[in-house]
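Participant: Just so you know, the sequences run in chain order E and U.
Counting from 1, one number per residue, gives the positions in the first sequence under the numbering used here.
Counting from 1001, one number per residue, gives the positions in the second sequence under the numbering used here.
Where is the CB? At the ideal position from N, CA and C, for every residue including glycine.
I'd like to ask some things about the structure below.
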Amino acid sequence: IPRNTDDFVYTNYHNLNTIYSFMDMLVAEHSDLVSKIVIGQSYEGRPLNVLRFSTGANRPGMWLDTGIHSREWVTQASGVWFAKKIVTDYGRDPALTDILNNYDIYLEIITNPDGYQYTQTKDRMWRKTRKPNPGSSCVGVDPNRNWDAGFGGAGSSSSPCSETYRGPSAHSEPEVKAIVDFVKSHGNIKSFVSIHSYSQMLLYPYGYTRTPAKDQAELHELARKAITELQSLYNTRYTYGSIITTIYQASGGTIDWTYDQGIKYSYTFELRDTGRYGFILPANQIVPTAEETWLALMAIMEHTKNNPY
Amino acid sequence: KETFEGHQVLRITANNEAQITLLKELSEQGHLGLDFWMEPIRESLPIDVRVPFNSLQAVRAFLAYNHIEYLVMIEDVQNLLDEEQRQMLKSHV
């Protein structure tokens, strides 16, 4: 295990304990900027850790999460890189410094720890949570169909054996409920970006209805800007739009719920890659993926800062 | 531990709505053990599906019979996972 976050190998995938240790090291090294909040426990009792980057009290917040689908390893690895990037750039990069002088950033790197552990030890292709389903031999719920936004509608499954099983009720999964409780108790989250892989898309609400979001024009323009920034680094091809028009109808999704809670700048990412490795993106692509994604995240966070609501 | 020897990931391109419908029917065949990484939704989006070795012959025959285009995106999933493990171990050491 590396002794500090400078020794940490960002160009490789890591197990759960190593990433938990990374978080603790980052907090220890930058205690004036970073703290760790435990917002709940997973079904199997693992802590749901959120890194809070803050330079003052009572600030509005910006949320980032990675790895809600456990097999999408490039997202957790990117989350680690983002955390290090934030502490490295604060005080050096004027744009990020300005953001952090006015907003807190919350980063949940391992959003589905039971699933992640399961992908590391038992089944690399596991996507869902690990809570058993009474009456079924199939385990787990798709945590991106478990939110109270069109819950139970088209684009989610009622079968526990399906990869898109919605669960018995909205927010039934502790991994989801923890974020719901956190967002509600915070009360002042201004942007929310949930990161997945792999289709190279940046999506905004809605997924459960064809009714356009009331801020669709602004969300679309900001998506265009964010993707232009992303593509400026390696020219990775991305598409963007609302979930339902760009990819498919999906009910009970994360950002539909956050948008309906009043978080205007709600987006979900699908990172690299298109049609070569899928969920098994080679580790040498972690840093390029994170680097390009960071440019888009900065565009969204800067826009959020510059357009208070 | 679940292993994936001989599993392939196929990238399928549907050319019309009828083929999308056929692929949706295929995805409901639970006994084949298919894992759709990208689901059949519309013609403009690719479809990626992990096919267990035991189902490869049936799935390839289904695609050929229905004139549905595809290519092999990952020849052997376990080979890639083994390489991933090697890299993680090497880094840890």
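(1) With a 10 Å radius around its C-beta and 16 neighbouring C-beta atoms as the bar for buried, classify L1002(U) as buried or exposed.
(2) Please check if any C-beta of chain E sits within less than 8 Å of the C-beta of D1076(U).
(3) Which stretch, first to last residue, makes up the beta strand (DSSP E) that contains P47(E)?
(4) Just mark T1021(U) as buried or exposed, buried being the case when its beta carbon has 16 or more other beta carbons within 10 Å.
(5) Got a sec? Which residues, its chain only, sit under 6 Å from I310(E) by beta carbon, not counting five neighbours each side?
(6) Could you please give the first and the last residue of the uninterrupted alpha helix (DSSP H) stretch that includes W66(E)?
(7) Would you mind sorting P143(E) into buried or exposed? The rule is 16 or more other CB atoms within 10 Å of its CB.
(8) Three or more beta-carbon pairs under 8 Å between the stretch 284-304 of chain E and the stretch 229-237 of chain E, yes or no?
(9) Applying the criterion that 16 or more other CB atoms from any shown protein chain within 10 Å of the CB defines a buried residue, is Q1029(U) buried or exposed?
(10) Within 8 Å, do at least three Cβ pairs link the stretch 113-121 of chain E to the stretch 52-59 of chain E?
(11) Residues in the same chain with beta-carbon distance under 7 Å from A296(E), minus the five sequence neighbours each way, listed in chain order, please.
(12) Taking 8 Å as the threshold (beta carbon to beta carbon), is P1052(U) in contact with chain E?
(13) Alpha carbon to alpha carbon, what distance is there between L64(E) and I105(E)?
(14) Would N12(E) pass as a contact of Q1087(U) if the rule is Cβ separation under 8 Å?
(15) According to a CB-to-CB cut-off of less than 9 Å, which residues of the stretch 1034-1049 of chain U neighbour chain E?
(16) Just checking my contact of G275(E) with R1011(U) at CB under 8 Å: how many whole Å lie between their CB atoms?
(17) Taking one C-beta from the stretch 1040-1057 of chain U and one from the stretch 174-186 of chain E each time, how about it: are there three or more such pairs within less than 8 Å?
(18) Does DSSP put G40(E) in a helix, in a strand, or in coil?
(19) Beta-carbon of R1011(U) versus every beta-carbon of chain E: anything under 8 Å?
(20) Kindly give me the distance between the Cβ atoms of S242(E) and Y206(E), rounded to whole angstroms, as I take these residues to be in contact under 8 Å.
(21) With distances taken from CA atoms, which of S159(E), S194(E), T268(E) is nearest T246(E)?
(22) Where DSSP assigns a beta bridge to E1069(U), which residues make up the other side?
(23) Would the beta-carbon of E1069(U) fall within 8 Å of that of Q1008(U)?
(24) Any chance the stretch 155-171 of chain E sits against the stretch 46-54 of chain E, with 3 or more Cβ pairs inside 8 Å?
(25) Here's a check: name, in chain order, each residue in its chain whose Cβ is nearer than 7 Å to the Cβ of F1062(U), leaving out the five neighbours to either side.
(26) Do E72(E) and F279(E) have their beta-carbon atoms positioned less than 8 Å apart in this structure?
(27) If the cut is a Cβ gap below 9 Å, which residues of chain E does S1091(U) touch?
(28) Going by other Cβ atoms of all chains shown within 10 Å of its Cβ, with 16 needed for buried, is K1090(U) buried or exposed?
(29) By the three-class DSSP mapping on this structure, what secondary structure does Q1008(U) have?
(30) How about K1024(U): is its C-beta nearer than 8 Å to some C-beta of chain E?
(31) How about I1047(U) and A1014(U): are their beta carbons less than 8 Å apart?
(32) Confirm, please, whether the CB-CB distance from M25(E) to K36(E) is below 8 Å.
(33) Which same chain residues end up closer than 7 Å to P160(E) when comparing Cβ atoms and leaving out the 5 residues on each side of it in sequence?
(34) Q1087(U) CB to nearest chain E CB: under 8 Å?
(35) Could you check whether the Cβ of L1063(U) sits closer than 8 Å to any Cβ belonging to chain E?
(36) Answer yes or no: do A95(E) and E302(E) have a C-beta to C-beta separation smaller than 8 Å?
Facilitator: Answer, in terms of the structure:
(1) Leu is not the amino acid found at residue 1002(U); the sequence shown has Glu there. The residue in question, E1002(U), is exposed, as its Cβ has fewer than 16 Cβ neighbours within 10 Å.
(2) no
(3) 47-53
(4) exposed
(5) Absent from the model: residue 310(E). The displayed extent of chain E is 1 to 309, so no value can be given.
(6) Looking at the sequence shown, residue 66(E) is not Trp but Thr. From DSSP, T66(E) is part of no alpha helix (DSSP H) but of the beta strand (DSSP E) over 61-66.
(7) buried
(8) yes
(9) exposed
(10) no
(11) L202, A226, I227, E229, L230
(12) no
(13) 8 Å
(14) yes
(15) D1035, F1036, W1037, M1038, E1039, I1041, R1042, L1045, P1046, D1048
(16) 5 Å
(17) no
(18) strand
(19) yes
(20) 6 Å
(21) T268(E)
(22) T1013(U)
(23) no
(24) no
(25) L1026
(26) yes
(27) V9, T11, N12, Y13, H14, A283
(28) exposed
(29) strand
(30) no
(31) yes
(32) no
(33) N133, S136, C138
(34) yes
(35) no
(36) yes
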